[in-house]
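Novice: Numbering (the UniProt record's numbering), first residue to last: 1 to 257. All C-beta atoms, glycine included, are put in the ideal place defined by N, C-alpha and C. Just dropping this structure here.
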């Protein structure tokens, strides 16, 4: 059902190496294309970072520096910092300062943030390559396909496909996210706090509703907008911004039916 996610290992693997390291062969200081941050937050990133003080603290500081420049709107600088960090992590791994799993986890987090930057800048090809590399690293790091982190990445990929007018792939991606979250929620223990899981399902339904509406499928869009509202009303007060915005979406869809 989600085969297009997994087939990237064949087609895109060599692009990632070229994208991340090519410009380091002739310069001491990297100069890369500018990028920006993406709108979907990483709420449940599962990787454990930087427990040791030496190399791990250095990596943490470099990553924090990159995020600071993003928050400050200094996107060119942030992009350069992320590439410097990727180079530093790669060199640390080659010098055996990082284990295989540590290297994969750190690379995945950095690739993900680099993908975020490229998405907002409209560099869709680079963003797709980086997202797929991140997903590959997640699977290598033993993150399951139904893990919330993987679902968020899949949702980003679906949104990217929509922006690239690959509508069939986008729809398959949205449906994968929704169905995966539904199955997960159905199997959770009653005593488990699943607020975050429900919120992620609601977000997926909301984005899918907007996708359907933009493609003149108003009846289906209304179903998913209503589902998103029902979920939001279980999590937030009815006068919360999320609930009110969803009600506006529902009204707009009904007006267009």
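Spell out a yes or no on whether the segment 213-222 and the segment 235-247 are touching, meaning 3 or more CB-CB pairs, one atom from each, closer than 8 Å.
Specialist: Counting Cβ pairs under 8 Å, fewer than three are found: no touch.
Novice: Just the C-alpha distance for residue 204 and residue 180, rounded to the nearest angstrom, thanks.
Specialist: Between residue 204 and residue 180, the C-alpha separation is close to 11 Å.
Novice: Candidates 72, 117, 104: which alpha carbon is nearest residue 143's?
Specialist: With distances taken between Cα atoms, residue 143 lies closest to 104.
Novice: Can you tell me whether residue 230 is buried or exposed, with buried defined as 16 or more other CB within 10 angstroms of its CB?
Specialist: Counting Cβ neighbours within 10 Å, residue 230 comes out exposed, since fewer than 16 surround it.
Novice: Does the segment 165-172 touch the segment 188-205, meaning 3 or more C-beta pairs lie closer than 8 Å?
Specialist: Short answer: they don't touch.
Novice: Between the Cα of residue 59 and those of 227, 158, 83, spot the shortest distance and give me the residue it belongs to.
Specialist: It is 83.
Novice: Relative to the alpha-carbon of residue 106, which residue among 138, 128, 95 has its alpha-carbon at the smallest distance?
Specialist: Closest by alpha carbon: 138.
Novice: Would you call residue 210 buried or exposed, if buried means 16 or more other Cβ atoms sit within 10 Å of its Cβ?
Specialist: It is buried - the Cβ of residue 210 has at least 16 other Cβ atoms within 10 Å.
Novice: Between residue 97 and residue 55, how many whole angstroms is the CB-CB distance? I'm expecting something under 8 Å.
Specialist: Right, the Cβ-Cβ distance comes to about 5 Å (below 8 Å), so this counts as a contact.
Novice: Short of 8 Å in beta carbon distance, which residues of its chain neighbour residue 25, apart from the five on each side in sequence? Order them along the chain.
Specialist: Any reading at residue 25 must be qualified, since the residue scores a pLDDT of 40, below 50, and its modelled position is unreliable; no value is offered.
Novice: Could you name the residues of the same chain whose beta carbon sits closer than 8 Å to that of residue 183, not counting the 5 residues immediately before and after it, in chain order?
Specialist: Only 146 meet the Cβ criterion.
Novice: Excluding the 5 residues preceding and the 5 following residue 213 in the sequence, name in chain order all residues of the same chain whose CB lies nearer than 7 Å to its CB.
Specialist: Excluding sequence neighbours, residue 213 sits near 221, 253.
Novice: Report the residue from 201, 157, 228 whose alpha carbon sits nearest the alpha carbon of residue 116.
Specialist: Out of 201, 157, 228, 157 has the C-alpha closest to the C-alpha of residue 116.
Novice: Report all residues from its chain with a CB closer than 6 Å to the CB of residue 159; omit the five preceding and five following residues, and keep chain order.
Specialist: No residues qualify anywhere along the chain.
Novice: Would you tell me roughly how many angstroms separate the C-alpha atoms of residue 118 and residue 192, rounded to the nearest one?
Specialist: Taking the straight line from one Cα to the other gives about 36 Å.
Novice: From residue 240 to residue 94, what distance separates their C-alpha atoms?
Specialist: Approximately 50 Å between the Cα atoms of the pair.
Novice: On the three-state DSSP scale, how would you describe residue 72?
Specialist: In the structure shown, residue 72 sits in coil (DSSP, three-state: anything other than H, G, I, E or B).
Novice: Considering only the beta carbon of each residue, do residue 120 and residue 89 sit closer than 8 Å?
Specialist: No; because the gap between Cβ atoms is not below 8 Å, this pair is not in contact.
Novice: Taking the alpha helix (DSSP H) that residue 236 belongs to, which residues open and close that run?
Specialist: Taken as a continuous stretch (DSSP letters only), residue 236 belongs to no alpha helix (DSSP H), as it is neither H nor E.
Novice: Can you say whether residue 155 is buried or exposed, counting buried as having 16 or more other CB atoms within 10 angstroms of its CB?
Specialist: When all chains shown are included, residue 155 counts as buried.
Novice: Do residue 161 and residue 208 have their CB atoms nearer than 8 Å?
Specialist: Contact: no.
Novice: Our contact map puts residue 153 next to residue 131 with C-beta atoms below 8 Å; I'd like the distance itself, whole angstroms only.
Specialist: Confirmed, about 6 Å.
Novice: Terminal residues of the continuous alpha helix (DSSP H) containing residue 98?
Specialist: Unbroken run through residue 98: none, as it is neither H nor E.
Novice: Which class does residue 148 belong to by DSSP, given the choice of helix, strand or coil?
Specialist: In the structure shown, residue 148 sits in a helix (DSSP, three-state: H, G or I).
Novice: Indicate whether at least one CB of chain D lies closer than 8 Å to the CB of residue 165.
Specialist: Absent from the structure: chain D. Only one protein chain is present.
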